[in-house]
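K.L.:
What follows is a structure written as structure tokens; I'll ask about it next.
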Amino acid sequence: MTVYFCPLYSGSSGNALFVMAGNTKLLVDAGLPGTAVASALASIGADPAKLDGILITHEHADHVAGAGILSRRYHVPIYANQATWRAMERRVGDIAAGNRREFDTAQEFYIGDVGVCSYPLPHDAAQPVGYRLSAGRVSVSIVTDLGHFSASVMKKIAGSGLVLLESNHDPDMLKRNPNYSAFLKHRILSEKGHLSNEEAADALESIVLGGTRHIILGHLSGENNMPELALRTACERVARMGLIPGEDIQIDVAHRNCVGDVYALEEAL
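In my numbering, the protein residues as written are 9 to 277.
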């Protein structure tokens, strides 16, 4: 089975990811206004009224801002663990009882043709998770909003066909940023904050050794990072591993403010 993946938006100002396999169409997060997410879906030929679910990673506004309106307008179920539901209730508003779906973190379940496996991430939210989404022997993993990359996370995503990996900031840019308070800088740099470019490169090395050959760098900060800097840091790391970017391994950067490419992952014969 072919799995299609599109980072509609991925950045500190809003996140929404689209996954399709067989007849199943899902969003992971909806952190922009509902109209913006619906428009982004339409631009890649996906009908928001035919979504089978919205999977929420955590309750921060850049991940849930449009989830409630999309659920109400198109009758789409929202999936989240109990702690996240409690934390995001005010932001998403009233959700029809039948569209409020709760799961236990690490519980595996199916939405149509897609197997869903969630796993805990170290971030300053109620109970944040990443997802591994599978169809047949093809899987896509989402690893954003985490302060450090652990062996337990690596175990959950090993061998994924594609990984969306956070590469949020350059520490020097962050430390020099006059618009960020000392408290906010400390939060971002903490063990429950966000991965820097170098930390992402460390994680990328483990992910590549685990068998993944396609990584998309995501959740870049608009003020404290640059796409070319994140990409260069990652490419330099895999080059030191003896791999040639673009040949042995594919590394891309997800867009913050415009719809990204649609990637098709085929099941190996």
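C-beta: ideal position from N, C-alpha, C; glycine also.
Starting from the C-beta of aspartate 132, find all residues in its chain whose C-beta is less than 6 Å away, skip the five residues before and the five after it, and write them out in chain order.
P.N.:
If we look at aspartate 132 and ignore the five residues flanking it on each side, its Cβ neighbours are Lys200.
K.L.:
At the level of alpha carbons, what is the spacing between alanine 114 and serine 126?
P.N.:
Alanine 114 and serine 126: Cα-Cα distance of roughly 5 Å.
K.L.:
On the criterion of 16 or more Cβ atoms from any shown chain inside 10 Å, does methionine 249 qualify as buried, or is it exposed?
P.N.:
It counts as exposed.
K.L.:
Specify the secondary structure class of alanine 262 as computed by DSSP and reduced to three states.
P.N.:
Coil, per DSSP.
K.L.:
Beta strand (DSSP E) containing proline 15: first to last residue?
P.N.:
From DSSP, the beta strand (DSSP E) with proline 15 extends over 11 to 19.
K.L.:
Does DSSP put leucine 203 in a helix, a strand or coil?
P.N.:
Coil at leucine 203, not helix or strand.
K.L.:
According to DSSP, is serine 175 part of a helix, a strand, or is it coil?
P.N.:
Reduced to three states, the DSSP call for serine 175 is coil.
K.L.:
If I'm right that histidine 71 touches aspartate 37 with Cβ under 8 Å, what's the distance once you round it to whole angstroms?
P.N.:
With 8 Å as the limit, histidine 71 and aspartate 37 qualify as a contact, their Cβ atoms being about 4 Å apart.
K.L.:
Under three-state DSSP, which class holds glutamate 275?
P.N.:
Coil, per DSSP.
K.L.:
At what residues does the alpha helix (DSSP H) containing threonine 152 begin and finish?
P.N.:
No alpha helix (DSSP H) contains threonine 152, which DSSP labels as neither H nor E.
K.L.:
Pull up the CB-CB distance for proline 179 and leucine 197, whole angstroms please, since I reckon it's below 8 Å.
P.N.:
With a Cβ gap of about 7 Å, proline 179 and leucine 197 count as contacting.
K.L.:
DSSP three-state call for valine 84: helix, strand or coil?
P.N.:
In this structure, valine 84 counts as coil in the three-state DSSP scheme.
K.L.:
Is it true that the stretch 205 to 213 meets the stretch 133 to 140, where meeting means three or more beta-carbon pairs spaced less than 8 Å apart?
P.N.:
No: the two stretches stay apart, fewer than three of their Cβ pairs being nearer than 8 Å.
K.L.:
Please work out which residues of its chain come closer than 6 Å, Cβ to Cβ, to alanine 95, disregarding the five sequence neighbours upstream and downstream, and give them in chain order.
P.N.:
Same-chain partners within the cutoff: Glu67 and Ala134.
K.L.:
Would you say the beta carbon of proline 85 is closer than 7 Å to some non-hydrogen atom of the ligand MN?
P.N.:
Ligands are entirely absent from the displayed structure, and the ligand MN is therefore not among its contents.
K.L.:
Looking only at its chain, what residues have a beta carbon closer than 7 Å to the beta carbon of valine 270, apart from the 5 residues adjacent to it on each side?
P.N.:
Tyr12, Cys14 and Ile52.
K.L.:
Could you give the C-beta distance for alanine 50 and leucine 16, rounded to a whole number, given that I count them as a contact under 8 Å?
P.N.:
Alanine 50 to leucine 16, Cβ: 11 Å. No contact.
K.L.:
Within 10 angstroms of the Cβ of histidine 194, are there 16 or more other Cβ atoms? Answer buried if so, exposed if not.
P.N.:
Histidine 194 is exposed by the Cβ-count criterion.
K.L.:
Alpha carbon to alpha carbon, how far is methionine 9 from valine 146? Give it in angstroms, no decimals.
P.N.:
In a straight line, the C-alpha of valine 146 is about 7 Å away from that of methionine 9.
K.L.:
Please go through the same chain and pick out, in chain order, the residues whose beta-carbon is closer than 8 Å to the beta-carbon of alanine 3, but skip the five residues on each side of it.
P.N.:
Residue 3 lies beyond the residue range present for the chain, which begins at 9 and ends at 277; the question has no answer from this structure.
K.L.:
In whole angstroms, what separates the C-alpha of leucine 25 from that of leucine 225?
P.N.:
Their backbone Cα atoms lie some 13 Å apart in a straight line.
K.L.:
Start and end of the alpha helix (DSSP H) containing phenylalanine 191?
P.N.:
Start and end: 190 to 197.
K.L.:
For isoleucine 77, which residues of its own chain have a beta-carbon under 6 Å away from its beta-carbon, when the five flanking residues on both sides are left out?
P.N.:
So the list reads Gly42, once near-sequence residues are dropped.
K.L.:
Helix, strand or coil for threonine 113 per DSSP?
P.N.:
Note: threonine 113 maps to coil in three-state DSSP.
K.L.:
Taking the C-alpha atoms as reference points, what is the distance between tyrosine 188 and serine 229?
P.N.:
Near 12 Å, if we compare the C-alpha coordinates of serine 229 and tyrosine 188.
K.L.:
I'd like to know whether the C-beta atoms of valine 314 and leucine 63 end up nearer to each other than 8 Å.
P.N.:
Residue 314 lies beyond the residue range present for the chain, which begins at 9 and ends at 277; the question has no answer from this structure.
K.L.:
Under a Cβ-count criterion, where at least 16 other Cβ atoms within 10 Å of its own Cβ denotes burial, should proline 56 be classed as buried or exposed?
P.N.:
Proline 56 comes out buried.
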